[in-house]
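Please read the structure below before turning to the comments.
Chains as they are written, first to last, in the working numbering: chain F, 8 to 369; chain L, 420 to 722; chain B, 10 to 111.
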C-alpha cells in the first residue's frame, strides 16, 4: 500500500526504507546522509540494513552508506550471538526453580523469530516472572553472578515499592544488564492491568526454555510500554514500527476482534487505541475500518487530544540529530511528566521529582 | 575534488561556521561544523591536502562548540558532538583541535565493523608496512614522525584498520599527535610550518599536531601489507635493544590494543591470529630517536 | 581431595564450540558461545584440540599426552603429573571451555 508521506520528507524516507525499501528508488548522497543518520538515531539502522539485505538491494547502495548498513549487519550478528549466550546463562541460573520465565520485548521478538525483529537492536534483556516467585528468582540470579546495580537505598526502595520490576541487575563478569519484571505496569499506575492474565496466556516456543507473551498480549504490552511508561521516546519510532510489524502479522478480522476483546479483558484499551491511532496517522499501517472507528471514539477529544497529538508527533518523528530543539525538548518534558503521572500517585511523583532534581544539582 | 588548502582560509572559516565542510580521510569522511575560528584555522592548515566537499554523504557529523547549558558561563569550554549528542567531557577552549582529533578517533573505532581497529601507528616503505602499537608515553608518535620525515609513507598515527583477512592495513593519513619534549625535537627536523599550535596542560601534557606529508595523503587509498609488528619503548639514556616476541605474547599485547575486538568476535580473533602467524612481533627499547629509527630500519630490512 | 576421583571424570568441549589457533609459544583460544578469548599454554591448546574429537577421560588424556608414568616410577612424580593435568582441566573448566560429561 502507498505510504502516506512524501519521499522527500525525512520521516517518509526512514519509514519507507524500513517497510518497503524497493519503493525508495535512487537516493542522492544527501538523502542517504539523512537516512543513515535518522536510522541510527532512531535505533533502526539494523532493521533498515537487514531489509535492504533481504530485498537484495544492498549491493546497489553507494559505497559510503553501504558501509554503515554492513556495519549494522555485523552488529546485529554479534548481538544474535551474545543474546544466545546470555539467554543460556539465564536459563542455567533459573532452570532449577521450575517457574515459568517469560521473555519480554526485544529478546522475545527475537526468540519468537518475528520478521520485524530481524536486525532490531536492543540493549537489555527483560524477563517477567510471577510476583510470588520473585525472591527465589532474584536469589538464583545473584548466585550466578547478577548483582543489583542500584546501591542507593532510596533507589532500591523506589523500585521495590513502586515499580513493576526489580532494580536492574548487572552481571559482575560480563557487565550485561537484566531487568526482572513481575508486571508490565507499576502497581501505582492509574492504568491497571492484571499481569496474571498475561502470564497465564504466555506461549511456549519449540525447544526454548523461555516463554513469550501471546501475540495479542505482545501488542498490548508494546503499546503500554510505548505510551504509558516513563518518557524515553528516543526509541519511539522503533517501537511504533515494532507494533506495525506485529499487527501486519494479523491474518484477518478474527485476529483483530481477539485483540480488541483482549484489550478490554486486560484493561489495556487506552494504550491500544493510542497505538492504533499513531500507526494509522504516522506509519500508514493497514488497520480495518471498523477498528479505526472504535479508535476514533476512544481517542481523547478536543484540546487534550490535540496537545497529545502534537507532543507525540514531535517525539515519534525521526530526527537526524540528537541535538533537540526547544520544541522537541518541551514535548519530551511533557511526555516525561505524563509518563510519571501515569505511573504514580501525585504525592509520590512530587517526592520523586524533587529527589531527582536534588540529585542532579549535587 | 579540491583539497582543503584550495579554499582560502577566511572562506573556510565561514563555511565551517555555517553549513560545515566534508573532509575525507581514507575511505571515511566527516562533516565538521564549528563556530570556533581558531579550530577552523588549524583544520585548514593540518588537513591542507585532504579532499574537501560541501555536499554529499558524510560518515560522521561532528561539531565542536560551547555547551548550551549553564556550564558555558563557567569559563570557556568546548564540547565534541557526534550526530548532535555529546558523550565526552567538555575541554578548555584552547584544546579545540586535540578535542576534534580525539573525537574523530572515537568515531572511527566505534563505528567500523569490517576491520580490526588497532590502537597503533602504521608506516610503510618498499611495500612493507610496520604496525607500531603502543600505550601512550612509549614514544610511538615521535618514532613515526621521525620515520615519515625520512621518507616513509604515513598510513596512520593512532588507528590501524586491519583487514579481517589479516593481509592488508588501510591508511587514514590524519595528523600525527606529538607530546611534550618530542614537539621541539620533531620541529627541529621538519620545521614549524607543519605544526599546529602547541596546547599546554591537556590530560596528556603539552600536545601539538603535525600535518601528514602531501604524498601520504594523496596515496592514502592504497593499502599496505603488514610485514612486522613493533612494540617500542623509549627510555631516556637507555641502550638500544631489539628482541623477538613469541606469537602468543604478541597476540595478547595486540588484543589489548584492539578497540573493536570483542564486537568482531570470531572474525577479530582469526584476523589477529593470522596477523601474528604472518608477521614477527618485536619489542624494541632505545634512548634516542636515531637509535630507535635504526632498530626499525633493521627490522624492516629483515622482514 | 577431588583428584582422587579424577579417574572417573571425563570432559568434553563446550557444545557452543571452541576454536584453537596454535602459536609458537602457546595457543589462542576463542569460545564461540561466550565470545571470550584466552591465550594459554601449548598443553592447554593440545588438550582442547584432543577434545575436539570427542570426550576425554582423565586416564585417556594422561596416556595421550604420555603423562601416564609407569606404576614402578616414583609415586610422588606420578601424583604431580596427575595433579598438573587436573589443574589444566580445572582451568579450562573455569573458562567454560570444557565441561564434565555427566
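For glycine and all other residues, C-beta sits at the position ideal for the given N, C-alpha and C. These figures come from a predicted structure and were not determined experimentally.
Can you give me the start and stop residues for the alpha helix (DSSP H) that residue i sits inside?
i: residue 105 (chain B); result: Run containing residue 105 (chain B): none; DSSP gives neither H nor E here.
i: residue 70 (chain F); result: 70-101
i: residue 151 (chain F); result: Taken as a continuous stretch (DSSP letters only), residue 151 (chain F) belongs to no alpha helix (DSSP H), as it is neither H nor E.
i: residue 305 (chain F); result: 296-305
i: residue 133 (chain F); result: Not the alpha helix (DSSP H): residue 133 (chain F) falls in the beta strand (DSSP E), residues 132-135.
i: residue 197 (chain F); result: Premise fails: residue 197 (chain F) is in no alpha helix (DSSP H) and is neither H nor E.
i: residue 261 (chain F); result: 260-273
i: residue 435 (chain L); result: 428-436
i: residue 68 (chain B); result: 67-73
So, with DSSP's three-state summary, where would you put residue i?
i: residue 211 (chain F); result: strand
i: residue 288 (chain F); result: helix
i: residue 580 (chain L); result: strand
i: residue 719 (chain L); result: helix
i: residue 123 (chain F); result: helix
i: residue 570 (chain L); result: coil
i: residue 443 (chain L); result: strand
i: residue 560 (chain L); result: helix
i: residue 88 (chain B); result: helix
i: residue 49 (chain F); result: coil
i: residue 616 (chain L); result: coil
i: residue 699 (chain L); result: strand
i: residue 183 (chain F); result: coil
i: residue 246 (chain F); result: helix
i: residue 39 (chain B); result: strand
i: residue 512 (chain L); result: helix
i: residue 19 (chain B); result: strand
i: residue 40 (chain F); result: helix
i: residue 368 (chain F); result: Reliability fails at residue 368 (chain F), whose pLDDT of 37 lies under 50, so the model's placement of it is uncertain and the value that follows must be treated cautiously. Of the three classes helix, strand and coil, the one that applies to residue 368 (chain F) here is helix, per DSSP.
i: residue 221 (chain F); result: coil
i: residue 624 (chain L); result: strand
i: residue 422 (chain L); result: strand
i: residue 253 (chain F); result: helix
i: residue 178 (chain F); result: strand
i: residue 172 (chain F); result: strand
i: residue 678 (chain L); result: coil
i: residue 713 (chain L); result: helix
Count the other CB atoms, across all protein chains shown, that sit within 10 Å of the CB of residue i; report buried if there are 16 or more and exposed otherwise.
i: residue 94 (chain B); result: buried
i: residue 122 (chain F); result: exposed
i: residue 87 (chain F); result: exposed
i: residue 473 (chain L); result: exposed
i: residue 103 (chain B); result: exposed
i: residue 5 (chain F); result: The structure shown does not extend to residue 5 (chain F), since chain F spans only 8 to 369, so no value can be given for it.
i: residue 364 (chain F); result: Unreliable positioning characterises residue 364 (chain F) in this predicted model, as indicated by a pLDDT of 45, which lies under 50. A coordinate reading is not provided.
i: residue 151 (chain F); result: exposed
i: residue 215 (chain F); result: exposed
i: residue 112 (chain F); result: buried
i: residue 532 (chain L); result: buried
i: residue 608 (chain L); result: exposed
i: residue 600 (chain L); result: exposed
i: residue 130 (chain F); result: exposed
i: residue 96 (chain B); result: exposed
i: residue 266 (chain F); result: buried
i: residue 567 (chain L); result: buried
Tell me, to the nearest whole angstrom, how far the beta carbon of residue i is from that of residue j; I am working on the premise that it is less than 8 Å.
i: residue 670 (chain L); j: residue 32 (chain B); result: 6 Å
i: residue 550 (chain L); j: residue 537 (chain L); result: 7 Å
i: residue 579 (chain L); j: residue 559 (chain L); result: About 11 Å separates the two Cβ atoms, so there is no contact after all.
i: residue 465 (chain L); j: residue 564 (chain L); result: Contact doesn't hold; Cβ gap of about 14 Å is too wide.
i: residue 146 (chain F); j: residue 189 (chain F); result: Rounded, the Cβ-Cβ distance is 15 Å, inconsistent with contact.
i: residue 20 (chain F); j: residue 42 (chain F); result: 5 Å
i: residue 635 (chain L); j: residue 696 (chain L); result: About 29 Å separates the two Cβ atoms, so there is no contact after all.
i: residue 191 (chain F); j: residue 202 (chain F); result: 6 Å
Could you check whether the Cβ of residue i sits closer than 7 Å to any heavy atom belonging to the ligand FMN?
i: residue 200 (chain F); result: With respect to the ligand FMN, the structure offers nothing, as it holds no ligand at all.
Considering just the uninterrupted stretch of the beta strand (DSSP E) at residue i, what are its terminal residues?
i: residue 596 (chain L); result: 595-598
i: residue 538 (chain L); result: 534-544
i: residue 547 (chain L); result: 547-552
i: residue 57 (chain B); result: Residue 57 (chain B) -> not in any beta strand (DSSP E); alpha helix (DSSP H) instead, spanning 51-60.
i: residue 34 (chain B); result: That residue, residue 34 (chain B), is in no beta strand (DSSP E); it is neither H nor E in DSSP.
i: residue 110 (chain F); result: 109-111
* To do: Please go through the stretch 626-666 of chain L and give each complete alpha helix (DSSP H) segment of 4 or more residues, from N-terminal end onward.
  => 633-637
Identify every run of the beta strand (DSSP E) within the stretch 465-501 of chain L, keeping only runs that are complete inside it and at least 3 residues long; order them along the chain.
For the beta strand (DSSP E) assignment, the uninterrupted runs of no fewer than 3 residues enclosed by the stretch 465-501 of chain L are, from N- to C-terminal side, 479-484, 496-501.
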